[in-house]
Ligand SMILES: [Zn+2]
């Protein structure tokens, strides 16, 4: 099939269902459970989890958490497993984010598959107790395979084990603010915590409409979005404001299962390469259409460098 024909078919598929109310749906997905944090203390994770889940329930926001089971290891393992149980008890879903958050671009595929299989040990049992099974896989760094062969090998394994890849079509670089916020919280520096949170929320309020506009320009309609967030204290302390940003953008939170019924997600993206690309970028490659990068809101200056500095600390 010629590229132009492929693009036309893809566009027809993507624009199916245009105008339906559900086009404003957004699925909230939280990676790196039980927590992404500067603190390794289980007590810190417990506060984060409790506040995050309480906020999601208070605003009736369904969500799925993607687990790195390597983060359960240690003397506090039962307490850390209890954090995952809390997600299920709060009515949320859990998915697999690999055991150790490895890179498919740099890890031999057989080793990577073994790590993903190891990553569902606890989660599968917890879901089974709720009559469910894991069926979403979120690739760390959004890496889906450095070559077509690796990608096919891994996706065949996923399919054979009942998994689908959970894509990402909206994100706010929340990871970049999370450790900087933790640093302020751990130093009881309320003024600095408030500054980081304000910067985070301003950036989120700017970039959410960018994604909606980018989706509209790319597809000719607004698709259901899948929003990548992380299980952080920053998000736990910001659910109120994040919910307000969603409302201000006419976004209605739904489960990942529901968002993924949008026809946009049935388009097979053909990207094979080492980069971890979001799906709007993947679709833009299939459709041979540019995303409006020129209007992408700039990240707050210095935030990424501060995150890298904190991340490098022992
Ligand atoms: Zn991750």
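Residue numbers (the numbering used here): 439 to 752.
Note that CB positions come from ideal geometry on N, CA and C, so glycine has one too.
Going by DSSP, name the residue or residues bridged to residue 533.
Locating residue 533 in the chain shown gives position 95, counting from the first residue. The partner list for residue 533 (beta bridge, DSSP) reads 504.
So, does the region 604–614 touch the region 646–666, judging by three or more C-beta pairs under 8 Å?
Touching, per the Cβ criterion.
Please enumerate, following chain order, all residues with a beta carbon closer than 6 Å to at least one heavy atom belonging to ligand 1.
With the cut-off at 6 Å, the residues found are 469, 470, 535, 539 and 578.
Which residue from 633, 501 and 515 puts its Cα closest to that of residue 531?
If you number the chain shown from 1, residue 531 lands on position 93. Per the Cα distances, 501.
Within this structure, are the beta carbons of residue 738 and residue 637 separated by less than 9 Å?
In the chain shown, the residue the question calls residue 738 occupies position 300. In the chain shown, the residue the question calls residue 637 occupies position 199. In this structure, residue 637 lies closer than 9 Å to residue 738 by Cβ.
Return the chain-ordered ranges of every alpha helix (DSSP H) run that is complete within the region 701–746 and spans a minimum of 4 residues.
Qualifying alpha helix (DSSP H) stretches, in chain order: 717–725.
So, helix, strand or coil for residue 602, using DSSP?
As a position in the chain shown, residue 602 is number 164, starting the count at 1. In this structure, residue 602 counts as strand in the three-state DSSP scheme.
Label residue 509 either buried or exposed according to how many other C-beta atoms from any shown protein chain fall within 10 Å of its C-beta, with 16 as the threshold for buried.
Position 71 of the chain shown, counting from 1, holds the residue named residue 509. Per the 10 Å Cβ criterion, buried.
Quick one: what does DSSP say residue 689 is sitting in, helix, strand or coil?
Position 251 of the chain shown, counted from the first residue, corresponds to residue 689. DSSP places residue 689 in coil when its eight states are reduced to three.
In the region 629–695, which residue ranges form an unbroken beta strand (DSSP E) of at least 3 residues, counting only runs that do not cross its ends?
Counting only runs of 3 or more, we get 663–668 and 690–692.
Please report the Cβ distance between residue 584 and residue 493, rounded to the nearest whole angstrom; I am assuming they are in contact, meaning their Cβ atoms lie under 8 Å.
The residue given as residue 584 occupies position 146 in the chain shown. The residue given as residue 493 occupies position 55 in the chain shown. Residue 584 to residue 493, Cβ: 38 Å. No contact.
Taking DSSP's pairing of strands, which residues face residue 609 in a bridge?
Walking along the chain shown from the start, residue 609 turns up at place 171. According to DSSP, which records beta bridges pairwise, residue 609 is partnered with 666.
Could you name the residues of the same chain whose beta carbon sits closer than 6 Å to that of residue 539, not counting the 5 residues immediately before and after it, in chain order?
Residue 539 sits at position 101 when you count from the first residue of the chain shown. Result list for residue 539: 506 and 578, in chain order.
Output the boundary residues of the beta strand (DSSP E) element that contains residue 467.
For this step, residue 467 is matched to residue 29 along the chain shown. From DSSP, the beta strand (DSSP E) with residue 467 extends over 463–471.
Short check: CB of residue 535 to CB of residue 482, under 9 Å?
Numbered from its first residue, the chain shown carries residue 535 at position 97. Numbered from its first residue, the chain shown carries residue 482 at position 44. It is not a contact, given that the beta carbons lie outside the stated cut-off.
Taking the alpha helix (DSSP H) that residue 564 falls in, what are its first and last residues?
Within the chain shown, the letter at position 126 stands for residue 564. First-last of the alpha helix (DSSP H) with residue 564: 559–567.
Which value, in whole angstroms, describes the spacing of the CA atoms of residue 708 and residue 625?
Counting from 1 along the chain shown, the entry for residue 708 is found at position 270. Counting from 1 along the chain shown, the entry for residue 625 is found at position 187. Whole-angstrom Cα-Cα distance: 46 Å.
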